[in-house]
Amino acid sequence: MALWSYGGAVQRSMLRCVVWAELRMALLPPRGAPAVCQFSHAPQRSLRESYRLLQLPDPPYSQAQVKEAYLRMAKLYHPDSGTPTANSALFSQIQEAYRTVLAHLSRQGAEAQLEAEDEEECEPKGQAPQHRQYLSYEGVLEYRQREQERAAARDEGAVSDRQAHKRSRHAKITQAVERLVEDLILESMARGDFQNLSGAGKPLAKFDHNPYADPMTHNLNRILMDNGYQPQWIVVQKEIREAVERLRAGLLQCRAGFGDPMTPAEQDRWEEHCQAAGDHLTRLNKKVDDFNLIVPLLSKQMVHFSLQRELDRALQTDRERRQERERERERERERQKREEMTASGRGIFSWVQNLLK
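Below you can see the structure in the form of structure tokens.
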């Protein structure tokens, strides 16, 4: 009776801890006893054998280290690994050893947690009044820390309140400006300022060609086009076409600078230029892929450019140009011959006339 009347809640808590410790010692065997059924001599040998199979000579190890060792052994001895050391029987033993070591580590972790809980329960918990928690120096530090946290929380709340007030004020100003503009438009309409516009009361001629189009969307698109705005896919399409034209012009110019047929040195230079053109086409095809992702119409999508097709086009165009130049030179020679024959005929006729005089 004196125990329960003296000491209050602290003594009752200590008594519960003592009773719990005695019950645990009575029910559980002492740690490390040799005659315990769960920890006989054979499982110890099995545990050592498991560590040996996993090539972990000096326990203890963590679960992460055990898992890493198991993965390393699985890469060597798994039947599906394809290595010369693959062995299904040995891999089964490694699997069993891995499970045994993991179970042992789990039991150790559970026992350590149980001991920590027992120690925590056996510690007497003070039941001092609230105002006594700041009597020690640690309590003063804790009090100051709590005051700093409260001050920081108040500052954060003040900042958030100022930001919310600023956003609300901006929204109010925007709404006031919109209402003012709307009122001015209504006043102008009431005075008749918009009645002298050409085409007032008539439908817009922009929508006569497509009655199914949304007038608002069409009008917005027309305003953007009138101000020089272009959608992204149109800009990318223009860039691709200009890049292809420059590539083809470069191929034609390079081929026109060589003879027909080309010398070995000219052939090497032509191959270098073709390789550079192939690299440029690779980057251009990547841009074509990006263009196909943003183009709104399936019919506007583009296919990849082929280097061989572009080279054949350049060679064919160069061949036709050379043939055209050759025909032009032939026509020029024939014209010169006709002029020479005409000039010679005129000379003979004038000589005969001079002779008859």
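Count the sequence shown with the UniProt record's numbering and you get residues 1 to 357, in order. Beta carbons: idealized from backbone N, C-alpha and C, even for Gly.
*asked:* Taking the beta carbon of L135 as the centre, do at least 16 other beta carbons fall within 10 Å, making it buried, or is it exposed?
replied: Its pLDDT being 48, under 50, L135 is placed unreliably by the model, and the measurement read from it follows with that caveat. Exposed, since its Cβ has fewer than 16 Cβ neighbours within 10 Å.
*In or out: M225 buried (at least 16 other Cβ within 10 Å) or exposed?*
exposed
*If you run the structure through DSSP and keep just helix, strand and coil, what is N285?*
helix
_Quick check on this structure: which residue in A64, W351, H165, S306 has the alpha carbon closest to the alpha carbon of V244?_
S306
*From this set, V101, T174, Q301, which residue's C-alpha is nearest S46's C-alpha?*
V101
*asked:* Less than 7 Å between the C-beta atoms of P59 and Y51, yes or no?
replied: yes
*When DSSP labels each residue in this structure, what does S92 get in the three-state scheme?*
helix
*asked:* The alpha helix (DSSP H) that contains S50, what's its start and end?
replied: 41-53
_I'd like the span of the alpha helix (DSSP H) that includes H218, first residue to last._
215-226
*Would the beta-carbon of K287 fall within 7 Å of that of I240?*
yes
*asked:* Since H280 and L247 should fall inside the 8 Å C-beta cutoff, what is the C-beta to C-beta distance between them, to a whole number of angstroms?
replied: 6 Å
*asked:* At the level of alpha carbons, what is the spacing between L355 and D318?
replied: 56 Å
*Rounded to a whole number of angstroms, what is the C-alpha to C-alpha distance between L56 and E49?*
10 Å
*Name the two residues that bound the continuous alpha helix (DSSP H) containing Y70.*
63-77
*Enumerate in chain order the residues of its own chain whose CB-to-CB distance from N285 is below 8 Å, with the five nearest sequence positions on each side excluded.*
H304, F305
*Would you tell me roughly how many angstroms separate the C-alpha atoms of R283 and Q232, rounded to the nearest one?*
18 Å
*Does DSSP classify Y212 as helix, strand or coil?*
coil
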